[in-house]
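Residue numbers (the numbering used here), protein chains in the order written: chain A, 613 to 894; chain B, 613 to 894; chain C, 613 to 894; chain D, 613 to 894; chain E, 613 to 894; chain F, 613 to 894. We put the beta carbon where it would ideally sit given N, CA and C, even for glycine. All remarks here apply to the structure that follows.
6 protein chains.
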Amino acid sequence: MALNLGRMPEVLRLIDLALAEDLGRGDVTTESVIEKETGATAAVVAREPLVVSGVDVARAVFARVDRHVRIQLRQPNGTQVAPGAVILDIDGPASAVLGAERTALNFLQRLSVLATLSRLFADALTGTGGRVVDTRKTTPGWRVLEKAAVRDGGCFNHRSDLGSGILIKDNHVVACGGVKVAVERARARAPHPLRIEVEVDSLAQLHEAIAARADLVLCDNMAVDEVREAVGLAHAAGIKVEVSGGMNLQRAPLYAQAGADYISVGALTHSARAVDIALDFL
Amino acid sequence: MALNLGRMPEVLRLIDLALAEDLGRGDVTTESVIEKETGATAAVVAREPLVVSGVDVARAVFARVDRHVRIQLRQPNGTQVAPGAVILDIDGPASAVLGAERTALNFLQRLSVLATLSRLFADALTGTGGRVVDTRKTTPGWRVLEKAAVRDGGCFNHRSDLGSGILIKDNHVVACGGVKVAVERARARAPHPLRIEVEVDSLAQLHEAIAARADLVLCDNMAVDEVREAVGLAHAAGIKVEVSGGMNLQRAPLYAQAGADYISVGALTHSARAVDIALDFL
Amino acid sequence: MALNLGRMPEVLRLIDLALAEDLGRGDVTTESVIEKETGATAAVVAREPLVVSGVDVARAVFARVDRHVRIQLRQPNGTQVAPGAVILDIDGPASAVLGAERTALNFLQRLSVLATLSRLFADALTGTGGRVVDTRKTTPGWRVLEKAAVRDGGCFNHRSDLGSGILIKDNHVVACGGVKVAVERARARAPHPLRIEVEVDSLAQLHEAIAARADLVLCDNMAVDEVREAVGLAHAAGIKVEVSGGMNLQRAPLYAQAGADYISVGALTHSARAVDIALDFL
Amino acid sequence: MALNLGRMPEVLRLIDLALAEDLGRGDVTTESVIEKETGATAAVVAREPLVVSGVDVARAVFARVDRHVRIQLRQPNGTQVAPGAVILDIDGPASAVLGAERTALNFLQRLSVLATLSRLFADALTGTGGRVVDTRKTTPGWRVLEKAAVRDGGCFNHRSDLGSGILIKDNHVVACGGVKVAVERARARAPHPLRIEVEVDSLAQLHEAIAARADLVLCDNMAVDEVREAVGLAHAAGIKVEVSGGMNLQRAPLYAQAGADYISVGALTHSARAVDIALDFL
Amino acid sequence: MALNLGRMPEVLRLIDLALAEDLGRGDVTTESVIEKETGATAAVVAREPLVVSGVDVARAVFARVDRHVRIQLRQPNGTQVAPGAVILDIDGPASAVLGAERTALNFLQRLSVLATLSRLFADALTGTGGRVVDTRKTTPGWRVLEKAAVRDGGCFNHRSDLGSGILIKDNHVVACGGVKVAVERARARAPHPLRIEVEVDSLAQLHEAIAARADLVLCDNMAVDEVREAVGLAHAAGIKVEVSGGMNLQRAPLYAQAGADYISVGALTHSARAVDIALDFL
Amino acid sequence: MALNLGRMPEVLRLIDLALAEDLGRGDVTTESVIEKETGATAAVVAREPLVVSGVDVARAVFARVDRHVRIQLRQPNGTQVAPGAVILDIDGPASAVLGAERTALNFLQRLSVLATLSRLFADALTGTGGRVVDTRKTTPGWRVLEKAAVRDGGCFNHRSDLGSGILIKDNHVVACGGVKVAVERARARAPHPLRIEVEVDSLAQLHEAIAARADLVLCDNMAVDEVREAVGLAHAAGIKVEVSGGMNLQRAPLYAQAGADYISVGALTHSARAVDIALDFL
């Protein structure tokens, strides 16, 4: 059951920034060469296979420019489509359609490529017990949209921000003088709806984390075999295991097969090229 | 002579969106496990070769979280650095440094990769008379930053928005009933500080554009040989030639050698992976 | 083909500022003396001859206060109307109509006077080859609206902002050590969709500009005869000529008859009194 | 004792709108032709006699662009200065000075002309017992600034908005069925810190207003002699008299001499041309 | 005749802050456990006797989350309702109803308790000539809403802000060197639509205020008998009397019976617990 | 280790709303009666025993009005102070101090009362193993501030928003057809850093929750004895128990003694009166 992202205040602020930066001085070409009152019927079309994400944002972009633009969603977020598939049907004043086109496509292309990449990762782990999860390495200003795109592609979200998850990293451990103290402090002070996750980079640290009764461990930059051993130890203590560090479509399945519960993939949100989506006038 | 991008109102709005989305509920981990008044000395370090971009934005992020964070720029925007190079020195309350870290790095990584890629394109055209130029296929909300990163990497900007350049595209031509009418209307109505550029996809259209005395032509999706011919015709009429369509590091130099004045590369701003930059506590 | 200015994010921000400053504490008079649920039918009427501008903004003001206000545009932007002409018909809750009235009229009066003045200038140049163009001497916060009003009155826009036109002024020339260096640097670095315009205040500087192959020259504060000579020189080199400096309805035609292509009139946007427009209850 | 207007949140929002609209895409001329790290020393100078207003706003504009711009106020708001007088001394990076120049001057010119015009009105009433007061016919978004400029010129403010004054106008009277009912309702319901003012356009209505014990009457569009009579009647009842309708520098003193306490002048804020102020590089 | 508070720009900004802080990262529970496209029919129900306030704000909250939520107002602001009364009927996507629920209720509960408390105060003064008035001790960000709630409960508003009322307090008197100077300065400089109120804490100061012809006196922290004497003196001079200082439901009527015209009750807006209102799914 | 709340973008937006609503039209009293350039030295003083919260916000309010106001924090957030204790020392222009006073105090009073009440709850549970936790029943716009105040008083935060905790409520259970399905769906889809909490209102539902392996149960509106039994069952299954429903200072300890791990107290943030804090001129 998804909220309409195109209505969220923070998303509307981003849309306003985007429209202001592209259309805020008007569209001198269209104003010069297109006669008044010209209408346009157009379709947003996939030019390559992709998983759709961002259609509610794209719709909100057109609606923001002119309420008289009528938009029909043809493919909901999360759908895998073939080249040529029509994602949105659009009908309205040509000035509004041309003025919103680039901004709407820029949103749709960037979010769909995340969903498409997430789909590849999700499929790569089929049959393992592991989940691919995202990170906070998102485009500033785009967090909620990119996390939705990850879900649209069948992967899962890690914490949404610094306030919605306890992740004790190496710098925290150093500042506390050890894993044990850090975990105990977190248990004493942190909101109870949050699990306590601690990053470990060795089996020695893992033992500390287990002894301190962390809820989750994040094995960072460990080899597959080391992770397999870590999983054995952690699961025996009722602790889930997440892995991170240079994960890609080849390495992620190996870690999942080694028993890791969560595979953290920064590349989901920070390494994607845009997919090809275009607006065609009909 | 560059403005401080970290002071521009629209950039500050994007920074506020970014901080609100990551730090707006506080940092439950740091608040739980780090003792009050702890300070931190840290360095932002390149983990791979790159061209720096976004240091003023990164600095503004830290300053926005806490004015007591002291930041020293060690590498200005546009510098090519080797792995291990320190880009920023940081000193301040640990809570502020940890709270701003991810957002600052997310800006820096995404902008530096654009500058780095632009550098590759700029270098690839050395010795030709062509310029690589960007497009409006930027990340919504990031236009002014990404255009600066393109310049930091030695490439050039096309129009910044729909209000700062006349580019008559195929849809405009169709609506006008031909290149000639479109160019004439633009000349009659558009602001005179702007050149009139028209997209053509054949030599037949190019002849029309020349006859209509366009200032610039954009040859879209033409083969190298066809562009060479187009350049000959256009230059003879005192018209500059831009090319676009699937440009990459291999194809761009070929078009430049064929005489194109401007090579439009959408991939400059929409296909880059993030470069690896980290914040290390000292 | 005009965008609806009342939908642009920056215009909505200005409307919000305006409503907050006038209506943000409510309307104590209307709340005290008018009974609940009273409706109002009203007309916005020209009290003197004028050219309409800002109707979409006025409509957006009423709509922002209450969606139940129904508004009928009777005179589109750019229309010349006689005293007594109804510009907008309005129907809705009296509290909303009275609450929005002053703000809507303040927008409409200020924009219409600009369009009206622009019409006078445009008519004054009829039969010459010259265009009257505006400047950046606009009311802060109102740029896009005032530039549209100038067009509504039949004049033309110069660059919309510092990012959409190259205009090398005397300070730039001094800093570069001469017109030639300045123009060369601009050609080497500036976005190619922009013409390169350089300000000159003597025929000596004009010769420099011609030698440097500027695209446009701005003759500032030159006498009509001097401009006539400048036009001869510049046109022979294929360069257009703009003039500026104390232009008014008497002087502008003289310069146009002397051959100037563009007459820059700061007074278009910074010297107008408001025209008389009122809201009458029916 | 004046607040620093350049710090007020609503003024900062207007400044941000203004900078975004002029400088939001950067300054392509300065970036192209001025070498990095060039500094500038400049003075903002009056080119004609004027009363200064808006210096704190102008200073805030420069500071918003770059904190390293140093500004010295040489003439506080409210000062009458001669042509050539230096209002502000400025020193900082040339890019920031040039980038902020036009926006700062646009604020300063528009506010100073209001103060200058107000000074003329205030002087015209010297020796009478009347005060010139402003109206709500201000530039949308500029209310607080323009009201300050009116005070800087020696005139007085009427209510600042619909929430800070009771002014029962003809439409209210009609809706209530008479002056008496309207005044009684206002007395029964309105905030007690506010006087109750009622607009009358005849002596008959004035008698009603006196009978209803209004605190103030606004005589709209009455002849001087009629106002003289109205003043006699109203003052006898302990009621102050305001007049409005087409007031200018000739008519205002006549009404003041006829005994009017307050002369309402819409033209104070809606009919002024900009005064000439320039930024000179030193 | 009330404006729709849910449309005021400042209220919309507060609603956006509120939705961003609760729903800005989505609703992980509902997204996880409720199937897509589930609809909800619900009612907002009073759980205790109360006076309704804030229904337009609550409606705006739901509408902001999703335009497809249909809302029926069953009890307008200002209505006294019994436990079980349905205030709003709601119908729409379950995700939107659940996502907006808490924010809408938080507004409604806090505003209704103010109206309910105001009703108690208003009723307590029935039969006296006194009015209960509010103060500026409101929740930052909520001023206009809380002042409306006070009116919904039958009490009255004092000035809405520092710009809409003259209240000379002890600190001002000290700085001026006495009540007389302070009142004279206010009369000489303040906007004439505003009465001049001065705070006095003794009969000696009251005499000064009367001599200086203040319009209103605020007797702060005086005993009932002292106020009775003050009222006699002030009324004889045609001056209204306001009282303040620790007013509650017991003390306020005593002061009203002693003749005070206005009883200032800070507790109206700063001491209320929330009333119990719930959203029930049907 | 606490972030400076007065620097967070969302808090700054709330401060701007608050200053705009109180000071946005200026301060007509102070401007009228206080001479220019008057300075003020003042102290913010507790008038009753309280726990301080909000000092960084109060400081930010003064700084926002005028950077020249110097503020010294004398009592950090979380301190218990006696009547007469100086919380802040203030020194600066009188206009700024008087203009910011009410807004700063309004923040400080409302946040300190929450901290003070939280302290009472925290102390009431001393010696039990239970924690008092807050709810989402906060003042819209104030979430992050009120949650910090709860911590300042020694209590704990529940989830900060709908995105940072899984709490399956009765409506969710109904929509899923049972506790078991709801918990399973949450486990399958929700972010793994979040524990899964489910609301139960009977021991029968508790058994379901245990069988479904929820991480936490929220026993809503259960009697103390019933909770004691629930704790026995839940703890045996390794599940923590939270209780809610009409908790106050009397009832909360009884539930803690019955073994509840978390006592949810809505009244922490929605039922407090303001504490008495004043600004005294020295």
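Check, Outcome
"Partners in chain D for C/Pro803, counting only beta-carbon separations shorter than 8 Å", "Val640"
"Pair within 8 Å by beta-carbon distance, E/Asp668 and E/Thr881", "no"
"Cross-strand partners of B/Ala658 (DSSP beta bridge)", "B/Ile889"
"8 Å CB neighbourhood of D/Asp813 in its chain, flanking five on each side removed", "Asp782, Cys831, Asp832, Asn833, Met834"
"Under 7 Å by beta carbon: chain E residues contacting F/Ala630", "Pro752, Gly753"
"Coil, strand or helix - D/Met620 by DSSP", "coil"
"Span of the beta strand (DSSP E), counted from its first residue to its last, around D/Ser876", "874-876"
"8 Å Cβ cutoff, E/Phe893 in contact with chain D", "no"
"Integer Cβ distance of A/Val756 from A/Val623, believed to fall under 8 Å", "7 Å"
"Within chain A, partners of B/Gln869 - CB distance below 9 Å", "Residues of chain A passing the Cβ test: none, with the nearest at roughly 26 Å."
"Neighbour flag for E/Phe674 against chain D, beta carbons, 8 Å", "no"
"Proximity below 8 Å, CB of E/Gly666 to CB of E/Phe733", "no"
"Per-residue contacts from F/Phe768 into chain A (C-beta, under 9 Å)", "Arg801, Ala802, Pro803, His804"
"Length of the line joining the Cα atoms of A/Val877 and A/Val843", "18 Å"
"Contacts of A/Ser772 in chain F (Cβ-Cβ under 8 Å)", "Gly775, Ser776, Pro803"
"Reduced DSSP secondary structure (H/G/I, E/B, other) of D/Gly857", "coil"
"Cβ neighbour criterion (16 or more within 10 Å) applied to C/Asp892", "exposed"
"CB contact check: D/Lys648 to chain B, cutoff 8 Å", "yes"
"Beta carbon proximity, E/Ala614 to chain C, threshold 8 Å", "yes"
"Distance between beta carbons of D/Gly704 and D/Gly741, contact taken as under 8 Å", "Between D/Gly704 and D/Gly741 the Cβ distance is about 48 Å, and since that is not below 8 Å, they are no contact."
"Contact between the stretch 633-652 of chain D and the stretch 624-637 of chain E (3+ Cβ pairs under 8 Å)", "no"
"Collapsed DSSP secondary structure at F/Gly690 in the structure displayed", "coil"
"Supposed close pair B/Tyr905, B/Val829 - CB separation, criterion 8 Å", "Past the edges of chain B, shown from 613 to 894, lies residue 905 of chain B, and the structure says nothing about it."
"Reference D/Arg763, options D/Pro803, D/Thr691, D/Pro752, D/Ala816, closest by Cα", "D/Thr691"
"Inside the stretch 749-821 of chain F only - beta strand (DSSP E) runs reaching at least 3 residues", "778-780, 808-812"
"Among E/Leu894, E/Ser883, E/Ala890, nearest to F/Gln721 - alpha-carbon criterion", "E/Ser883"
"Neighbouring residues, chain F, relative to B/Val677 (Cβ below 9 Å)", "Leu615, Asn616, Arg619, Met620"
"Beta-carbon gap between C/Leu806 and C/Ile822 smaller than 8 Å", "no"
"CB contact check: F/Val756 to chain B, cutoff 8 Å", "yes"
"Pair within 8 Å by beta-carbon distance, C/Ile875 and C/Val855", "yes"
"Proximity below 8 Å, CB of D/Val681 to CB of D/Ala706", "no"
"Beta carbon proximity, A/Ala890 to chain C, threshold 8 Å", "no"
"Assigned secondary structure, D/Val745 (DSSP; H/G/I helix, E/B strand, else coil)", "strand"
"Best match in D/Leu631, D/Gly753, D/Gly775 for proximity to D/Ala675 [C-alpha to C-alpha]", "D/Leu631"
"Given C/Asn769 as reference, the closest of B/Val810, B/Asp873, B/Pro661, B/Gly775 once Cα atoms are compared", "B/Gly775"
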